[in-house]
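Novice:
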Amino acid sequence: MAASDWAGAVIVKPAVPEDVPWPAHTVWWERFTADERLSWNLLAGVAVNELEVVGEMGVIRHGMRGAMLSTAASRDPALRTTLRRLHADEQRHARWFMAWNRRACPWLHRPARPLAMLAAPVPLRAAGRFLAALPGAWIGGLWLAMALEEWSCAFADRLVSAPIGSLGPRDPTYLALHLAHRREELAHVAFDEDLLAAARRDVPPALRRVMPVAVRVVLEQAMRPRRAVPAATAAFAARHPRWAGAAAAIAADCRHVAESPAYWSSPGVRTSHERLELALHRWSHG
Ligand SMILES: [Fe+2]
Ligand SMILES: [Fe+2]
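If you read the sequence shown in our numbering, its first letter stands for residue 157, the second for the next number, and so on.
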């Protein structure tokens, strides 16, 4: 599938289940028109896709590159070939997500700035590059890759099962995109499991025990979209100027929702990492 498969007319239907946009959990929701709610829904769909792109182009790519240079890969040409294919898959996926995003919110995207909400500030990018260059860092990167990939598959499942809400039927291309992505990611998760099980041999026992804690802490931080809230609210207020005066208050309430456990356990958002937890348990105790 090519990025052009996700190009086309501007999206005019909701993308995500109606409990996914943060303001749906605030007092503001009642005050928004259907058109304003649709804007928030599309912004939430774009934010999910940007999280995918950050995962594909940042975390997963670094994990794969590090794995290619690892001892395990140096011993096994077939493994190197698989890693190269996975690396290419992720670059293709990122192009899919960005192509869909440009259709959903053309008013948000500028060609020179592919990520409208989750572009990392320079110090964060520099810190990420520094950490990724540390010996063995790819193993941590691969754990996070597995987490993101498992999350992506679960998100696609939720798109299938979420009921139609008050905004009407959802955009079929968003569902098709996430299901196409899921088909390839299921194989990636299985591959991560095997590669991490093999990498375990070269890691000292103390580090194996620390890994589950470190992965959970980083994951907890990575999945909280703090950075997306101000950008999404600013985009919403620019699109619907009658809310410009209330943008700061809306953003504050959205940030509160994005931080709350209740939001993360609501049906369209719920995150579970069963395979990751099982793999981490085996890694640290096996
Ligand atoms: Fe992907
Ligand atoms: Fe993947």
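The C-beta atom is built at its ideal place from N, Cα and C for all residues, glycine as well.
(1) Output the distance between the C-alpha atoms of residue 249 and residue 192, rounded to the nearest integer angstrom.
(2) Tell me whether residue 462, by its Cβ, gets closer than 7 Å to a heavy atom of ligand 2.
(3) What does the alpha-carbon distance come out to for the pair residue 356 and residue 219?
(4) Buried or exposed: residue 341, going by 16 or more other Cβ atoms within 10 Å of its Cβ?
(5) Could you check which residue in 235, 287, 424 has the C-alpha nearest to that of residue 201?
(6) Sort out for me which residues DSSP pairs residue 221 with in a bridge.
(7) Is any non-hydrogen atom of ligand 2 found closer than 7 Å to the C-beta of residue 443, if you look at the structure I gave you?
(8) Restricting to Cα atoms, I'd like to know which of 324, 336, 371, 312 is closest to residue 294.
(9) Confirm the yes/no value for this check: CB of residue 348, any heavy atom of ligand 4, distance under 7 Å.
(10) Shortest alpha-carbon distance to residue 179 belongs to which of 167, 239, 197?
(11) Ordered along the chain, which non-local residues of its own chain (more than five positions away) have a Cβ less than 8 Å from that of residue 345?
(12) Under 8 Å: do the segment 409-419 and the segment 372-388 share three or more Cβ pairs, one atom per stretch?
(13) Within 7 Å: the Cβ of residue 249 and any heavy atom of ligand 1?
(14) Starting from residue 324, follow its DSSP beta bridges and name the residues at the other end.
(15) Out of 170, 439, 276, which one is the CA nearest neighbour of residue 350?
(16) Taking 7 Å as the cut-off, is the beta-carbon of residue 313 closer than that to any non-hydrogen atom of ligand 1?
(17) From what residue to what residue does the alpha helix (DSSP H) around residue 292 run?
Specialist: Judging by the given coordinates:
(1) Residue 249 and residue 192 have their C-alpha atoms some 29 Å from each other.
(2) Past the boundaries of the shown model lies residue 462; the chain is included only from 157 to 442, so the question cannot be answered.
(3) As the crow flies, the alpha-carbon of residue 356 is around 15 Å from that of residue 219.
(4) It counts as buried.
(5) Minimum Cα distance to residue 201 is reached at 424.
(6) Paired residue(s): none; residue 221 is not in a bridge.
(7) Any question about residue 443 goes unanswered here, given that the chain covers just 157 to 442.
(8) For residue 294, the nearest C-alpha among the options comes from 371.
(9) Looking at this structure, you won't find ligand 4 anywhere; what it does contain is ligand 1 and ligand 2.
(10) Of all alpha-carbon atoms in 167, 239, 197, the one lying nearest the alpha-carbon of residue 179 is that of 197.
(11) Answer for residue 345: 302, 305, 306, 309, 431, listed in chain order.
(12) By the C-beta criterion, the segment 409-419 is judged to be in contact with the segment 372-388, since at least 3 inter-stretch pairs fall below 8 Å.
(13) Yes, since a heavy atom of ligand 1 falls inside the 7 Å radius drawn around the Cβ of residue 249.
(14) Beta-bridge annotation (DSSP): residue 324 is paired with 321.
(15) Cα-wise, what sits closest to residue 350 is 439.
(16) No - ligand 1 has no heavy atom lying nearer than 7 Å to the Cβ of residue 313.
(17) It is not in any alpha helix (DSSP H) - residue 292 carries neither H nor E in the DSSP assignment.
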